[in-house]
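Numbering of the sequence shown is given in numbering that gives the first Met the number 0, commencing with residue 0 and proceeding in unit increments.
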Amino acid sequence: MPDYGHDLRFGSFITPQNGRPELAVELARLSEEAGLDLVTFQDHPYQATFLDTWTLMSWVAARTERVHLSGNVLNLPLRPPAVLARSVASLDLLSGGRVELGLGAGGFWDAIEAMGGRRLSPGQAVDALSEAIDVIRGVWDADERRPLRVDGAHYTVKGAKRGPAPAHDVPIWLGAYKPRMLRLVGAKADGWLPSLGYATPEDLTAGNKIIDEAADGAGRDPREIRRLLNLMGEFAGDSAEEWVERLLPLAVEDGISTFILPGDDPAAIERFGREVAPALREAVAAERAARGVTTGPARPPRALALRRPGIDYDAVPASLAGTAVEPGDREYERVRSSYIWAGSPGLVLRPATAGQVTEALTYARSQDVPLAVRSGGHGISGRSTNDGGIVVDVGALDAVEVLDRGRRLVRVGAGARWGDVASALSPHGLAISSGDYGDVGVGGLATAGGQGFLARSYGLTIDHVVGAEVALADGRTVRADPEHHPDLFWALRGAGGNLGVVTSFDIEATELSDVVFAVFVHDASDTAAFLERWGWAVEVSPRKLTPFTTVFPGQQGYSALAQTFAVWAGDDTDAAVAALEPFLQVAPVLQQQAQLAPYAAVVAPHRNRHTGQQGGLRGHSALVDHLDADTSGRLAEMFEQRLLTMVQVRSVGGAVNDVAPGATAYAHRTQNFSVNGVISAARAAPAERAWDGLGVTAAYLSFEPRFEDKLLTRAFPPATLARLRQVKAAYDPGNVFRHNFPITPA
Numbered sequence: 000m001p002d003y004g005h006d007l008r009f010g011s012f013i014t015p016q017n018g019r020p021e022l023a024v025e026l027a028r029l030s031e032e033a034g035l036d037l038v039t040f041q042d043h044p045y046q047a048t049f050l051d052t053w054t055l056m057s058w059v060a061a062r063t064e065r066v067h068l069s070g071n072v073l074n075l076p077l078r079p080p081a082v083l084a085r086s087v088a089s090l091d092l093l094s095g096g097r098v099e100l101g102l103g104a105g106g107f108w109d110a111i112e113a114m115g116g117r118r119l120s121p122g123q124a125v126d127a128l129s130e131a132i133d134v135i136r137g138v139w140d141a142d143e144r145r146p147l148r149v150d151g152a153h154y155t156v157k158g159a160k161r162g163p164a165p166a167h168d169v170p171i172w173l174g175a176y177k178p179r180m181l182r183l184v185g186a187k188a189d190g191w192l193p194s195l196g197y198a199t200p201e202d203l204t205a206g207n208k209i210i211d212e213a214a215d216g217a218g219r220d221p222r223e224i225r226r227l228l229n230l231m232g233e234f235a236g237d238s239a240e241e242w243v244e245r246l247l248p249l250a251v252e253d254g255i256s257t258f259i260l261p262g263d264d265p266a267a268i269e270r271f272g273r274e275v276a277p278a279l280r281e282a283v284a285a286e287r288a289a290r291g292v293t294t295g296p297a298r299p300p301r302a303l304a305l306r307r308p309g310i311d312y313d314a315v316p317a318s319l320a321g322t323a324v325e326p327g328d329r330e331y332e333r334v335r336s337s338y339i340w341a342g343s344p345g346l347v348l349r350p351a352t353a354g355q356v357t358e359a360l361t362y363a364r365s366q367d368v369p370l371a372v373r374s375g376g377h378g379i380s381g382r383s384t385n386d387g388g389i390v391v392d393v394g395a396l397d398a399v400e401v402l403d404r405g406r407r408l409v410r411v412g413a414g415a416r417w418g419d420v421a422s423a424l425s426p427h428g429l430a431i432s433s434g435d436y437g438d439v440g441v442g443g444l445a446t447a448g449g450q451g452f453l454a455r456s457y458g459l460t461i462d463h464v465v466g467a468e469v470a471l472a473d474g475r476t477v478r479a480d481p482e483h484h485p486d487l488f489w490a491l492r493g494a495g496g497n498l499g500v501v502t503s504f505d506i507e508a509t510e511l512s513d514v515v516f517a518v519f520v521h522d523a524s525d526t527a528a529f530l531e532r533w534g535w536a537v538e539v540s541p542r543k544l545t546p547f548t549t550v551f552p553g554q555q556g557y558s559a560l561a562q563t564f565a566v567w568a569g570d571d572t573d574a575a576v577a578a579l580e581p582f583l584q585v586a587p588v589l590q591q592q593a594q595l596a597p598y599a600a601v602v603a604p605h606r607n608r609h610t611g612q613q614g615g616l617r618g619h620s621a622l623v624d625h626l627d628a629d630t631s632g633r634l635a636e637m638f639e640q641r642l643l644t645m646v647q648v649r650s651v652g653g654a655v656n657d658v659a660p661g662a663t664a665y666a667h668r669t670q671n672f673s674v675n676g677v678i679s680a681a682r683a684a685p686a687e688r689a690w691d692g693l694g695v696t697a698a699y700l701s702f703e704p705r706f707e708d709k710l711l712t713r714a715f716p717p718a719t720l721a722r723l724r725q726v727k728a729a730y731d732p733g734n735v736f737r738h739n740f741p742i743t744p745a
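What follows is the structure, given as structure tokens:
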């Protein structure tokens, strides 16, 4: 070890002068165009000729797209750590994960005191930085429900609320030189950021030794700590070959993996990014190959001990290594679970392109563990996580593009969430029926069916999918549409999770801007009568109206309450009121409201953190033609006996039933209602028997958390299931995608 195996990164160090405020922004944009990875700014708030660094970084983040940003280094005595933590997290979220945190204990103490800061001795500065790191990381730990408390000598936090969490795992780099500060780098920080000139190559060697020893003492792998370097001195006139000759020893002998060029010379920035960086990367790669240097992210011993059997972690494809998450990683708590179900996978892969999805699948196939595929991770079934296996999370494939406004043709990434899709389509006057909650992911819903708030006027989501890009188990990526792989295209629309991983969908949207959104709360104490009358009101209503209702235990003297959400697909308020009025007669109304609103507001994005805090839900689905007296009575009896804790009913008639049963793998085209019952955990056995007593012959798998063989025959009629098994044999004969609701190959 001197070479710690990190990927090489290159950056610029720009003076935030306020004489020409736009100059620093122009140099930052030039740095990005030249191919640099990082733009940094010094932070001297007491310097009257400088722009405020944090304000400048925010402006630069808005004017750039790819490059990462950092203070070099931020002045801790003038930036309280709790506030700084929120500033970093906020800008990281707004910029798409492009902020790093370079932090320093301060200098120029007379100037700091003049600004209201407090002078610190060298020992105090180390303690202050250590406490600040605890505060900052504590604020970022948004999954921890307990308030943040830090009782330090320099920074005290008394029950602060945590969050927001940054968009990515923000590293903390320390500008440090003295031994005590270097030991803090080894114990707590993610990077060391000295400057050449203040530190000699000999100082780098000695500093690395101190940092490595401190890391070992703290139970860390020294390779966890990136070594950065500000290149003070005159390089501008040198050729690329001379730069490489001077910098190569710093990389391979002193472990420097991030080189930052100070100065405001556009020509030097151009040469550094376009000539020096590629040449040095090539030279370092050759040296590493000759020396057999281990590259890639390092993990501490405590994290290595959490690795799961059956997974070859060292074989993760290089293109995915940077976004892979293992137990023990800081991001693990954010990605381990779905919205409802807690999980503990051994590895989460987060591909950002269709090609990387294929790489992830090829790798996962070679491992002896379960495989789960996740788009939004909201699903009731819980199949988007697992215990001890691999999760392929396609959330980064979230683009939404209007391909042809005239044809209303939209391309949607499988990792997008429907609230974001609705927001993106709203300015075009378009919408796609897509569930009833904006955080639901596109991939799961658009392959299972898609029972949404526009179902009766628009149909299911799958009814308007006209093409898809699919990563198959054998490593191919294919286009599926009526002309290309039509059998696969048929199967994807209703049973897609069994055939491959869809990376994008082409969908025909509908013309829609404003809708009438109504909310009713009824006294549903006579639950059977409520359900029967409510069902009748739905069936006689115009197709433009799609109501959903939920019956749940009552309060304040009511044995049961029902909340109905109804969407009228258009802005004709008079017609909407006429269609809604019959629902005021089905049971005593406790609350009612209706408003004209954009469809995008009805399914707005929420971006909830998926921590499995719901504890899992056990329930069952039933697709029924009518809420007749028998069906309504049986559901009411189960609810009244506390066998069900909740009953939800979605409207799936109208346009849904215009599609021929054999047109898609979702073959249930006669039913008007989709019923979802949540079973009481305390009375599961009698609840299961009572549910079977409903005589269910059709079900929607997305609402079934437990697999049983009988569910396949409820989800797919015999002819449909037989055809699916033939398609499965053609596209996944090895049954790689068997961890959803498995359809065995013919």
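Note that beta-carbon positions come from the ideal geometry of N, C-alpha and C, so glycine has one too.
query                                                                                                                        : result
Residue of SER11, PRO296, TYR45 minimising C-alpha distance to ASP2                                                          : PRO296
Where the beta strand (DSSP E) through ASP386 begins and ends                                                                : Neither: ASP386 is in no beta strand (DSSP E) and is coded neither H nor E.
Per DSSP, cross-strand counterpart(s) of ARG649                                                                              : PHE547, SER673
Under the three-state DSSP convention, the category PRO315 falls into                                                        : The amino acid occupying residue 315 in the given sequence is Val; Pro does not appear at that position. If DSSP states are grouped into helix, strand and coil, VAL315 belongs with coil.
For GLU112, the first and last residue of its enclosing alpha helix (DSSP H)                                                 : 108–113
Range covered by the alpha helix (DSSP H) that runs through ASP126                                                           : 121–139
Exposed unless 16 or more other CB atoms sit within 10 angstroms - verdict on MET114                                         : exposed
Exposure of ASP513, with buried meaning 16 or more beta-carbon neighbours within 10 Å                                        : buried
Runs of alpha helix (DSSP H) wholly within the stretch 509–584 (minimum 4 residues, chain order)                             : 526–539, 572–579
C-alpha gap between GLY733 and ALA421, whole angstroms                                                                       : 37 Å
Exposed unless 16 or more other CB atoms sit within 10 angstroms - verdict on LYS157                                         : exposed
Inter-residue Cα distance where the pair is PRO76 and TRP53                                                                  : 15 Å
Limits of the beta strand (DSSP E) - the one that VAL324 falls within                                                        : It is not in any beta strand (DSSP E) - VAL324 carries neither H nor E in the DSSP assignment.
The stretch 561–576 / the stretch 471–479 touching (three or more Cβ pairs under 8 Å)                                        : no
Touching by the beta-carbon criterion (3+ pairs, under 8 Å), the stretch 266–278 and the stretch 54–63                       : no
Own chain partners of GLY443 with C-beta closer than 6 Å, once the 5 adjacent residues on each side are dropped              : SER374, GLY378
Close Cβ partners of ARG182 (< 7 Å) along its chain, the five nearest in sequence each way excluded                          : ILE209, ALA213
Reference ASN17; option with closest CA among HIS5, ARG8, PHE40                                                              : PHE40
Chain-order list of residues whose beta-carbon lies under 7 Å from that of GLN355 (same chain, five-residue window excluded) : SER318, LEU319
Reduced DSSP category for GLN594 - H, G, I as helix; E, B as strand; rest coil                                               : strand
Integer Cβ distance of ALA282 from LEU227, believed to fall under 8 Å                                                        : ALA282 to LEU227, Cβ: 19 Å. No contact.
Spatial neighbours of ASP42 in its chain, beta-carbon cut-off 6 Å, leaving aside the 5 residues before and after             : THR52, GLY70, LEU73, ASN74
GLN640 - DSSP class collapsed to helix/strand/coil                                                                           : coil
Expected contact under 8 Å - CB spacing of ALA559 and SER524 to nearest Å                                                    : 5 Å
Unbroken beta strand (DSSP E) run spanning PHE9, endpoints                                                                   : 8–13
Alpha helix (DSSP H) segment containing GLY466, residue limits                                                               : Not the alpha helix (DSSP H): GLY466 falls in the beta strand (DSSP E), residues 464–470.
Span of the beta strand (DSSP E) around GLU507                                                                               : 500–507
Inter-residue spacing [alpha-carbon to alpha-carbon] between VAL623 and VAL537                                               : 13 Å
DSSP three-state assignment for GLN16, whether helix, strand or coil                                                         : strand
Best match in LEU544, GLY216, LEU26, GLY466 for proximity to THR63 [C-alpha to C-alpha]                                      : LEU26
Distance CB(GLU510)-CB(GLY428) smaller than 8 Å                                                                              : yes
ALA635 versus LEU305: straight-line alpha-carbon distance, rounded                                                           : 47 Å
Under the three-state DSSP convention, the category ASN656 falls into                                                        : helix
Own chain, CB closer than 6 Å to GLY137, minus 5 neighbours either side, in chain order                                      : LEU147
Residues near VAL411 by beta carbon distance below 7 Å, same chain, minus five either side                                   : VAL399, VAL420, VAL441, SER503, PHE504, ILE506
Contiguous beta strand (DSSP E) assignments of at least 3 residues, all confined to the stretch 140–186                      : 147–150, 155–159, 171–173
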